[in-house]
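>
Protein chains: 2
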Amino acid sequence: MYNFTEPLKAPQGSAIRELFKYLGRPGMISFAGGYPSKDLFDRAGIGQALEDAYSSDPVACLQYGDTAGSPALRRAILRLMNDRGVTRDVDDVIVTTGSQQGLDLLIKILVAPGDAVLIEEPAYPAAIQALRLAGARLIPVRTDAQGIDVDALTAQLEALDPGTRPKLLYTVPTFANPTGATLPAARREALARLAMRFRFVLVEDDPYGELRFTGESVKPIAAFADAIPGASDWVVYFGSLSKIVAPGLRIGWSIAPPAITRRMLVAKQTSDLCTSPLAQETARHYLESGRLAEHVPVIVQAYRKRYDALSSALRQFVPDDIDYVVPQGGMFVWARLKGGRHSTDLLKRAIEQNVIYVPGPAFYVRDPDESSMRLSFAAAPGEAEVFEGVRRLKLALASR
Amino acid sequence: MYNFTEPLKAPQGSAIRELFKYLGRPGMISFAGGYPSKDLFDRAGIGQALEDAYSSDPVACLQYGDTAGSPALRRAILRLMNDRGVTRDVDDVIVTTGSQQGLDLLIKILVAPGDAVLIEEPAYPAAIQALRLAGARLIPVRTDAQGIDVDALTAQLEALDPGTRPKLLYTVPTFANPTGATLPAARREALARLAMRFRFVLVEDDPYGELRFTGESVKPIAAFADAIPGASDWVVYFGSLSKIVAPGLRIGWSIAPPAITRRMLVAKQTSDLCTSPLAQETARHYLESGRLAEHVPVIVQAYRKRYDALSSALRQFVPDDIDYVVPQGGMFVWARLKGGRHSTDLLKRAIEQNVIYVPGPAFYVRDPDESSMRLSFAAAPGEAEVFEGVRRLKLALASR
Chain R
1 MYNFTEPLKA PQGSAIRELF KYLGRPGMIS FAGGYPSKDL FDRAGIGQAL
51 EDAYSSDPVA CLQYGDTAGS PALRRAILRL MNDRGVTRDV DDVIVTTGSQ
101 QGLDLLIKIL VAPGDAVLIE EPAYPAAIQA LRLAGARLIP VRTDAQGIDV
151 DALTAQLEAL DPGTRPKLLY TVPTFANPTG ATLPAARREA LARLAMRFRF
201 VLVEDDPYGE LRFTGESVKP IAAFADAIPG ASDWVVYFGS LSKIVAPGLR
251 IGWSIAPPAI TRRMLVAKQT SDLCTSPLAQ ETARHYLESG RLAEHVPVIV
301 QAYRKRYDAL SSALRQFVPD DIDYVVPQGG MFVWARLKGG RHSTDLLKRA
351 IEQNVIYVPG PAFYVRDPDE SSMRLSFAAA PGEAEVFEGV RRLKLALASR
Chain F
1 MYNFTEPLKA PQGSAIRELF KYLGRPGMIS FAGGYPSKDL FDRAGIGQAL
51 EDAYSSDPVA CLQYGDTAGS PALRRAILRL MNDRGVTRDV DDVIVTTGSQ
101 QGLDLLIKIL VAPGDAVLIE EPAYPAAIQA LRLAGARLIP VRTDAQGIDV
151 DALTAQLEAL DPGTRPKLLY TVPTFANPTG ATLPAARREA LARLAMRFRF
201 VLVEDDPYGE LRFTGESVKP IAAFADAIPG ASDWVVYFGS LSKIVAPGLR
251 IGWSIAPPAI TRRMLVAKQT SDLCTSPLAQ ETARHYLESG RLAEHVPVIV
301 QAYRKRYDAL SSALRQFVPD DIDYVVPQGG MFVWARLKGG RHSTDLLKRA
351 IEQNVIYVPG PAFYVRDPDE SSMRLSFAAA PGEAEVFEGV RRLKLALASR
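Chains R and F, in that order, are what the protein sequence lines are.
Yeah, the first sequence ends on 400 if you go by UniProt numbering, and it's all consecutive.
Yeah, the second sequence ends on 400 if you go by UniProt numbering, and it's all consecutive.
#1: Roughly how many angstroms lie between the CA atoms of GLY339 of chain R and GLN353 of chain R, to the nearest whole one?
#2: Could you spell out where the beta strand (DSSP E) holding MET373 of chain F opens and where it closes?
#3: Look at the alpha carbon of ARG132 of chain R and the alpha carbon of ASP369 of chain R, and state the distance between them as a whole number of angstroms.
#4: Quick one, which of F:LEU310, F:VAL245, F:ARG291, F:ALA293 has its alpha-carbon nearest ALA279 of chain F's?
#5: Distance check for VAL218 of chain R and LEU211 of chain R, CA to CA, integer angstroms please.
#6: May I have a chain-ordered list of the alpha helix (DSSP H) segments no shorter than 4 residues that lie completely inside the stretch 105 to 155 of chain F?
#7: Would DSSP call ASP92 of chain R helix, strand or coil?
#8: Return the residues of the stretch 221 to 255 of chain R that lie within a Cβ-Cβ distance of less than 7 Å from chain F, sorted by chain order.
#9: Which bits of chain R does MET1 of chain F rub up against, with CB to CB less than 9 Å?
#10: Identify the contact partners of LYS338 of chain F in chain R, using a Cβ-Cβ distance below 7 Å as the criterion.
#11: Secondary structure at ILE46 of chain R, three-state DSSP: helix, strand or coil?
#12: What residues in its chain sit with their C-beta under 6 Å from that of ALA256 of chain R, if we drop five residues either side in the sequence?
#13: Below 7 Å between beta carbons: does that hold for GLN328 of chain F and GLY215 of chain F?
#14: Quickly, what does DSSP pair VAL318 of chain F with across the bridge? List them, please.
#15: Please state if the CB of MET264 of chain R and the CB of LEU105 of chain R are separated by a distance shorter than 7 Å.
#16: Who are ALA335 of chain F's beta bridge partners in DSSP?
#17: Let me know the secondary structure DSSP gives GLU383 of chain R once reduced to three states.
#18: What's the C-alpha gap between THR275 of chain R and LEU73 of chain R?
#19: If you draw a straight line from the alpha carbon of ILE251 of chain F to that of THR344 of chain R, how long is it in whole angstroms?
#20: Give the residues of chain R in contact with LYS21 of chain F, contact being defined as C-beta atoms less than 9 Å apart.
#21: Quick one: grab the DSSP three-state call for PHE238 of chain F.
#22: Could you spell out the range, first to last residue, of the beta strand (DSSP E) harbouring GLU18 of chain F?
#23: Taking only the alpha-carbon atoms, compute the straight-line gap between PRO220 of chain F and ARG188 of chain F and give it to the nearest angstrom.
#24: Within a Cβ cutoff of 6 Å, which residues of the same chain sit near HIS342 of chain F, ignoring the five residues on either side of it in sequence?
#25: If you check the beta carbons only, do GLU120 of chain R and THR171 of chain R fall under 7 Å apart?
#26: Nearest to PRO166 of chain F by alpha carbon, out of F:PHE332, F:ALA227, F:PRO113, F:ALA123?
#27: Looking at chain R, is there any beta carbon in it that lies within less than 7 Å of the beta carbon of ARG43 of chain F?
#28: Between LEU194 of chain F and THR154 of chain F, which are expected to be in contact by the criterion C-beta below 8 Å, what is the C-beta distance as a whole number of angstroms?
#29: Going by CA-CA distance only, name the one from F:LYS305, F:LEU249, F:PRO125, F:GLY330 that's closest to PRO361 of chain F.
#30: Does the separation of the CB atoms of LYS305 of chain F and PRO36 of chain F fall below 7 Å?
#31: Is the shortest distance between the beta-carbon of GLY47 of chain R and the beta-carbons of chain F less than 7 Å?
#32: Counting C-beta neighbours from all protein chains within 10 Å, is the total for LYS21 of chain F 16 or more, i.e. buried, or is it exposed?
#33: When you compare only the Cα positions, how much space is there between ALA68 of chain R and ARG75 of chain R?
#34: Which residues in chain F sit within 9 Å of LYS219 of chain R, going by Cβ to Cβ distance?
#35: In its own chain, which residues sit with a C-beta less than 6 Å from the C-beta of PHE317 of chain F, not counting the 5 before and 5 after it?
#36: Just the chain R side, please: which residues come within less than 8 Å of THR344 of chain F by C-beta, in chain order?
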């Protein structure tokens with residue numbers, strides 16, 4: 001009766017939210033959550049930042065702030081970006097209410113109903129959902145264990161109907177959700193060139209980039225684009241404190257070309273006026289305290305141990321049943337059931353065994369790989385639980 | 001080159017943001033700000049709430065939270081709404097990142113490019129801008145000193161082309177921005193019936209409702225709709241802590257029919273995942289502390305004094321030049337220059353005299369009243385400054 005803009009289908013990722021009801025079940029072991037580990041928040045450090053922020057300038061915490069974000073926080077973010085190899089000015093940064101809002105703002109200014117949008121597949125479900133809500137026509141882009149297959153994408157773009165010009169391409173190039181894959185340097189450069197050639201905005205979503213526990217660090221695509229004249233006009237970078245400080249602050253940021261930043265600011269004004277100044281001031285004091293540089297290695301080391309436990313357990317308990325992609329960091333292992341089995345079917349029996357994960361189809365735009373599944377090791381409380389969880393998966397596999 | 005969804009015109013309200021640069025000028029007296037007074041934040045009470053929230057449950061402050069908002073905060077909001085005469089269940093409330101986000105979510109699910117939308121005129125600029133960004137076809141609705149002229153609106157709706165069904169009507173019925181007008185009870189009931197009859201969603205934006213300093217309190221339209229079978233299906237209410245606690249928390253809420261709430265939640269998930277749990281926990285502890293009931297009268301009394309000073313000064317200094325609407329609360333006086341003078345022209349001379357206000361045209365969709373101007377008394381630091389500000393307006397008027 002209300003005449004909504006879009007029919008309400010089951011939202012992308014609703015299979016994931018369905019799983020939430022099992023999280024609190026006594027004895028449940030979860031590989032499902034996409035949340036960072038609550039045991040690894042720097043509670044004392046963030047608490048100190050909160051106290052410093054409020055006691056030094058309560059009005060800055062309580063009053064409306066700039067739509068673009070606090071200049072001091074933006075400068076602290078620029079220093080972080082500089083360490084990642086990306087050099088920009090304060091005017092190029094917008095503080096967003098989580099990086100999710102950055103994507104939302106970009107979609108608002110760029111994507112009209114029916115517009116073509118490229119998206120890596122499998123992909124982060126809330127990105128798929130945000131694009132669907134805007135009425136985008138999604139074109140999935142093939143990935144392998146190293147992220148987007150740039151040759152395949154090039155062929156795909158060359159074969160497009162000349163009337164189709166994709167507005168943007170969405171990717172998480174480092175420790176992707178759900179695959180854990182990391183795009184190598186050569187592909188990053190090629191992707192930046194492709195964006196310029198085909199004039200689409202390349203969205204580099206980078207929440208996990210600092211969580212590397214093995215292998216050599218690779219710069220953001222935005223840094224590669226800087227070295228190619230004209231390419232940085234086509235790259236929008238989203239960063240976030242959610243996985244390295246705390247999601248509860250809802251502090252993310254965008255780094256974009258001036259014409260895009262200008263319009264995103266108008267969209268931000270109409271979306272929430274500004275990101276919580278209380279959260280911004282806390283984030284600023286935390287970043288200025290220098291504790292992040294000490295704390296990120298603590299998170300990384302813990303995640304490495306949990307990943308090591310998960311991979312050992314998979315090799316020990318289910319070597320003939322489950323294959324997986326080896327990540328170099330992040331929070332996720334992307335696995336496949338051998339022998340044509342479906343992860344959605346297995347989940348029912350896994351729940352009986354008190355273990356859960358996210359079936360892979362939640363991450364697909366179309367033609368899902370029914371065998372796939374995402375195992376999150378980040379939120380596992382300890383190595384013993386990880387082993388026990390995989391042992392239960394083995395029982396679930398045996399119970400068909 | 002990016003092929004944006006909409007051409008970037010000067011955003012609605014950009015005239016207001018233009019004025020910001022004068023705010024810091026030494027000796028400037030501002031009637032321009034739409035901000036609550038920074039001197040009236042309950043700094044100690046909010047500080048205590050912050051401390052209580054973080055020390056009692058740091059993980060709740062730091063981790064992701066429910067998309068709909070913390071259940072405890074939603075219950076506290078329901079108690080507040082109950083005091084306003086509106087009774088609902090916890091599932092009817094979404095905590096939003098300011099009430100601006102509530103409007104943004106509703107527009108996302110309801111307004112497609114080209115859709116007709118009714119909006120009171122003059123209106124809050126960020127509402128106009130949000131609707132424009134969504135490509136809405138705006139139909140202004142006439143107001144008088146008591147808000148929307150419901151008879152005129154009825155005639156307007158009856159005269160609409162049968163193919164035009166407005167998706168929604170936006171109004172601030174209590175102490176409106178910019179007019180300060182308050183819709184009387186009979187018009188509230190009539191408006192609720194009209195929404196039902198013409199099947200548009202009536203958006204009741206209510207950030208100022210508790211700031212009454214004279215006259216009898218009138219319930220929200222949502223409460224009137226509850227007494228008319230079927231009418232509450234057509235009313236969406238937005239509340240906010242920005243004007244009674246602090247804007248820096250970015251805590252607002254929606255109260256909507258279930259089918260609308262369900263879709264707004266999907267839109268919220270893709271907009272920012274959840275409102276900052278740190279801000280939510282702080283708001284919850286503040287509301288549970290009971291200090292709000294003691295603090296709102298402090299704000300109201302201060303605003304009443306500032307309004308009294310402004311109206312005395314207008315009568316004393318410029319009785320033959322400026323007419324104004326008498327508000328019963330809120331933060332604004334809506335004034336008109338007599339003799340066909342334009343408020344935009346006067347502003348240039350006002351700036352020379354070190355006083356600013358917002359020219360009325362910023363609040364119009366079309367055909368602005370060029371004589372109109374918004375004078376905010378909320379942020380004036382004291383009665384002496386108010387008198388001095390109006391004396392300067394008189395000088396500006398004389399300097400033509």
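Glycine included, C-beta positions come from ideal geometry on N, C-alpha and C.
For this structure:
#1: 21 Å
#2: 372 to 376
#3: 20 Å
#4: Of the candidates F:LEU310, F:VAL245, F:ARG291, F:ALA293, F:VAL245 places its Cα closest to the Cα of ALA279 of chain F.
#5: 12 Å
#6: 125 to 133
#7: Note: ASP92 of chain R maps to helix in three-state DSSP.
#8: ALA246, PRO247, GLY248, LEU249, ARG250
#9: ARG199, ASP233, ALA259
#10: Going along chain R, no residue has its Cβ under 7 Å from LYS338 of chain F, so there is no contact; the nearest lies around 33 Å.
#11: Note: ILE46 of chain R maps to helix in three-state DSSP.
#12: VAL236
#13: yes
#14: DSSP, once it has assigned bridges, lists no residue as partnering VAL318 of chain F.
#15: yes
#16: F:TYR324, F:MET373
#17: helix
#18: Near 12 Å, if we compare the C-alpha coordinates of LEU73 of chain R and THR275 of chain R.
#19: A direct Cα-to-Cα measurement between ILE251 of chain F and THR344 of chain R gives close to 38 Å.
#20: For LYS21 of chain F, no chain R residue has a Cβ inside 9 Å of its Cβ, as the nearest lies near 13 Å away.
#21: strand
#22: It is not in any beta strand (DSSP E) - GLU18 of chain F instead sits in the alpha helix (DSSP H) that spans 14 to 23.
#23: 8 Å
#24: GLU370
#25: yes
#26: F:PRO113
#27: yes
#28: 6 Å
#29: F:PRO125
#30: no
#31: GLY47 of chain R counts as touching chain F.
#32: exposed
#33: 12 Å
#34: Under the 9 Å cutoff, chain F gives no residues; its nearest Cβ is about 24 Å from LYS219 of chain R.
#35: VAL390, ARG391, LYS394
#36: Chain R residues near THR344 of chain F: none, gap ~22 Å exceeds 8 Å.
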